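Structure, as structure tokens:
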Amino acid sequence: MRSMSHARYLIVGVALFLLGFSLAVFAAPISIVDDRGIAVVFEKPPQRIVSLLPSLTESVCALGKCGALVGIDRFSNWPKSIQGLPKLGGMGDVNIERIVQLKPDVVLLERASPVIARLHSLGIKTFALDIKSMGDEERALKKLDAVLGTTESGRVWNQIKIEIMRANKLLPSRGENIRVYFEVNPAPYAAGRTSFIGEILSQLSLTNIIPESLGPFPKINPEFVVQAKPDVILLTESNASDIQGRPGWSAIPAVSKNRICVFTADQNDVLVRPGPRMGEAALIISQCIQEKLSSSR
């Protein structure tokens, strides 16, 4: 009996030791390098987060941590559950005083944000991520996983890839030989091949008429579009009103055959944000192109 009792005490002791060790490991500070190349140390996963970029807000929520957000930039509007949070301004007019009042454990922002130095001077931790491509989003999700103490980045990224595969299957011959023009705004600025929008078009095997040499979002001469003769034009409602009246555009196949995809404001938010909804963006694009091609045959 004495030996059995001793064995029980030994087992309990070992179990307590292992529990204490695991808790100590879990509680150990972690250091994560952000996109400034700065190692940011977290004693524990942040419980109060301010996000100053829609793509970061959406990424936090996609990882299941919407509930940790206490403030957002004025453009963050998805998911609906965040719309009641304090709006803290945009790139050039961030409300520093309000951020201080919110007492965040960390502020998520882009590397070029002008408020980083000011926040640091007030003792507020920042973590910078620049998401400009699909690869950037995959990397950002992994880093946010580490910061937030979550393990969801693989699931979120796989969902993006699955949705892009679904989008690809909607297009005839998987989009080959379909020449597209994506207008970001009526200046006109276009989505080039090296932009994240261009990457999505490439993933769908669509041919972007904007050459890689012009960069991610070039301002172009409208005559260039006339000469390029796109089969489909993609733009927002606010850009669509003057398409028919642009000099020479009535001869463009996309215009003459009414193959113009006009996206709502909500759809445009999905399309122009390089975040976890990029798979949804691919589906929006492919569904519209499929409908336009089918109706104009």
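Using the working numbering, the first residue of the sequence shown is number 76, and each one after it goes up by one.
Virtual Cβ for every residue (Gly too), placed ideally from N, Cα, C.
Fair warning: this is a prediction, and the values are worked out from it, not measured in the lab.
Taking C-beta atoms as the reference points, VAL125 and VAL181 count as a pair closer than 9 angstroms.
ALA315 and GLN362 have their C-alpha atoms roughly 19 angstroms apart.
The C-beta of MET209 has 16 or more other C-beta atoms within 10 Å across all chains shown, which makes the residue buried.
For the 9 angstroms CB-CB criterion, LEU160 and ILE147 form a contact.
ARG123 and LYS178 have their C-alpha atoms roughly 7 angstroms apart.
Restricting attention to ASN296, GLU172, LYS162, the CA atom closest to the CA of ARG193 is found in GLU172. Judged by their CB atoms, LYS294 and ALA266 are not nearer to each other than the 9 angstroms cut-off. Using a Cβ distance threshold of 9 angstroms, GLU133 and PRO120 do not count as a contacting pair. With fewer than 16 other Cβ atoms inside 10 Å of its own Cβ, ASP341 counts as exposed.
SER151 sits buried, since 16 or more C-beta atoms from the chains shown fall within 10 Å of its C-beta. Going by C-alpha positions, ASN296 is about 22 angstroms away from PHE338.
Straight-line measurement puts the Cα of GLN319 at about 46 angstroms from the Cα of LYS218.
In the three-state reduction of the DSSP assignment, ARG193 falls in the helix class, which pools H, G and I. Inter-residue distance for GLU185 and MET166 is about 9 angstroms (C-alpha atoms, whole angstroms).
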